Ligand code: SF4
């Protein structure tokens with residue numbers, strides 16, 4: 007199990023080693039709460055580039071949120087086709103979310119959540135059937151000014167391999183709290199983007215490309231793969 011000091015060292019190395027990508031990722035566009043929620047549905051488990059592309063396609067293909075709300079999930083899924091896995095489930099979640107928002111507010115505007123306390127706003131978001139832990143954390147981080155790192159399977163995989171989270175801890179709230187102590191709030195969104203990019207580009211689920219990874223000298227799993235290439239596969 008990595009010590010707190012070791013974890014902080016790995017976090018510093020991550021920012022140092024991936025500094026070039028960090029510059030490109032810094033300027034994420036600001037979006038209203040409702041739009042951040044929809045973007046989060048696109049972003050979970052996907053790359054930032056694919057999510058950006060899908061979100062832009064969504065806006066270009068449909069006239070407004072109401073048109074998306076009344077569209078068939080299959081039509082929406084076609085527009086989201088670049089998003090793996092499962093664009094149809096994402097399409098159903100987006101339509102379901104817009105429907106719920108419309109039924110309760112007769113509009114497509116959730117900016118009133120900005121006036122509530124963080125906990126209350128997150129609680130209200132979590133009540134939507136299309137919400138999940140990732141979407142609530144994403145909106146909390148990107149629209150509500152909270153310190154909440156959105157955790158999808160890609161992030162969890164890479165963070166476990168880097169031993170920034172403990173192998174035997176699975177509760178997302180506990181993991182998030184631990185990460186929030188390791189990563190300053192001002193850098194948390196960038197941290198999540200960097201880890202996500204690493205997971206998509208190099209730290210694949212099977213056969214991670216440790217030899218090409220700039221974090222290999224600081225990654226316990228990468229080091230293990232070097233010492234015991236045949237007997238120990240990276241998790
Ligand atoms: S060294 Fe290997 S296991 Fe570690 S983060 Fe890089 S790709 Fe993943």
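In our numbering, the protein residues as written are 7 to 241. Beta carbons: idealized from backbone N, C-alpha and C, even for Gly. Everything numeric in this text was worked out from a predicted model, so none of it was measured.
Contact under 7 angstroms by Cβ, residue i with residue j
i           : j           : result
residue 162 : residue 20  : no
residue 64  : residue 85  : yes
residue 167 : residue 110 : no
residue 23  : residue 221 : yes
residue 39  : residue 136 : no
residue 175 : residue 204 : no
residue 103 : residue 61  : no
residue 178 : residue 207 : no
residue 127 : residue 119 : yes
residue 152 : residue 185 : no
residue 218 : residue 51  : no
residue 49  : residue 36  : no
residue 188 : residue 13  : yes
Proximity test, residue i beta-carbon vs ligand 1 heavy atom, cut-off 6 angstroms
i           : result
residue 203 : no
residue 190 : no
residue 214 : yes
residue 51  : no
residue 222 : yes
residue 167 : yes
residue 200 : no
residue 162 : no
residue 208 : yes
residue 10  : no
residue 227 : yes
residue 219 : yes
Cβ distance (whole Å) where residue i is taken to contact residue j below 8 angstroms
i           : j           : result
residue 90  : residue 195 : About 23 angstroms; that fails the 8 angstroms criterion.
residue 156 : residue 147 : 6 angstroms
residue 97  : residue 116 : Contact flag wrong, Cβ pair sits at about 20 angstroms.
residue 112 : residue 75  : Actually they do not touch by this definition, with Cβ atoms about 12 angstroms apart.
6 angstroms Cβ shell around residue i - same chain, five flanking residues per side excluded
i           : result
residue 43  : 141, 145
residue 100 : 44, 47
residue 224 : 16, 19
residue 87  : 93
residue 154 : 143, 146, 147
residue 215 : 208
residue 8   : 169
residue 247 : In this structure the chain extends from 7 to 241, so residue 247 is not present and cannot be described.
residue 11  : none
Neighbourhood of residue i by C-beta, 8 angstroms cutoff - its chain only, sequence neighbours within 5 removed
i           : result
residue 94  : 79, 80, 83
residue 193 : 21
residue 211 : 163
residue 213 : none
residue 191 : 153
Chain-order list of residues whose beta-carbon lies under 7 angstroms from that of residue i (same chain, five-residue window excluded)
i           : result
residue 181 : 157, 171, 175
residue 173 : 166
residue 67  : 85
residue 71  : 104, 114
residue 198 : 155, 156, 161
**Report entry** Runs of beta strand (DSSP E) wholly within the segment 175-211 (minimum 3 residues, chain order)
**Finding:** none
**Report entry** Length at least 4, wholly inside the segment 107-182: the alpha helix (DSSP H) runs in chain order
**Finding:** 124-132, 139-148, 159-167
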